[in-house]
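With the first letter of the sequence shown counted as 1, position 70 gets the number 79 in the numbering used here; the numbers rise by one all the way through.
Each residue gets a CB set at the ideal place from its N, CA and C atoms; glycine is no exception.
Taking it in order: structure first as structure tokens, then the write-up.
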Amino acid sequence: MSGADASGRPLGLDTLVRLGRRQHSPGQVRRLPVPEGMTSPLGCDAVAVPDRLGPLIVPRLPRVGCVYADGAHWWWIVPSDSDYALPWPAPALYAPGALVPATARLIHRPEGTVPYTPPIPLYLALCRVTGTTPDWSRAVSA
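Next comes the structure, spelled out in structure tokens:
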């Protein structure tokens, strides 16, 4: 990534971040559709976990929002910017704008009108099932 556009003008930080995120997008993608009758007032991003971990995470959550599956991952809708200052642990994938593989299909729809899974409980459940220490619990080196 060069840091300048085609005319040689420097790119802003927002543009660089957006371009960097696009590099990690798999081939055929689409924005996850929010089911009819639901609203997403906080915008939508998505967090993916390998499909083998999905059933281990569900019972650890106080609320399960919309969940989609593509055969390899379960995709959880979270509010936009749920990755702000929060590095999601491997093997999670974070998808800004909820851009996911086009093969993802809805497997769980919650009651009500909000599609979100709360991101902090999702993060903690993922840390628990992967044996990862939450980022804020790690020792700070001097």
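Once DSSP output is grouped into helix, strand and coil, what is the label at residue i?
i, result
"Arg-114", "strand"
"Tyr-132", "helix"
"Val-43", "coil"
"Leu-65", "helix"
"Ser-91", "coil"
"Arg-72", "coil"
"Trp-145", "helix"
Which partner residues does residue i have in the DSSP bridge list?
i, result
"Tyr-103", "Val-56"
"Ala-78", "Trp-83, Arg-114"
"Leu-108", "Arg-40"
Looking only at its chain, what residues have a beta carbon closer than 7 Å to the beta carbon of residue i, apart from the 5 residues adjacent to it on each side?
i, result
"Val-38", "Leu-108, Val-109, Pro-110, Ala-111"
"Arg-118", "Pro-44, Cys-75"
"Ala-101", "Val-56, Ala-57, Val-58, Leu-135"
"Val-73", "Val-67, His-117, Pro-119, Thr-126"
Considering only C-alpha positions, which residue in the set the options is nearest to residue i?
i, options, result
"Leu-131", "Gly-63, Gly-121, Gly-52, Ala-104", "Gly-63"
"Val-87", "Ser-146, Pro-44, Gly-106, Val-138", "Gly-106"
"Asp-90", "Pro-128, Gly-80, His-82", "Pro-128"
"Arg-114", "His-82, Gly-121, Trp-145, Leu-70", "His-82"
To which residues of the same chain is residue i closer than 6 Å at the C-beta, ignoring the five residues directly before and after it?
i, result
"Pro-35", "Since pLDDT at Pro-35 reaches only 49, below the 50 mark, its modelled position is unreliable, and no value is offered."
"Met-159", "Any question about residue 159 goes unanswered here, given that the chain covers just 10 to 151."
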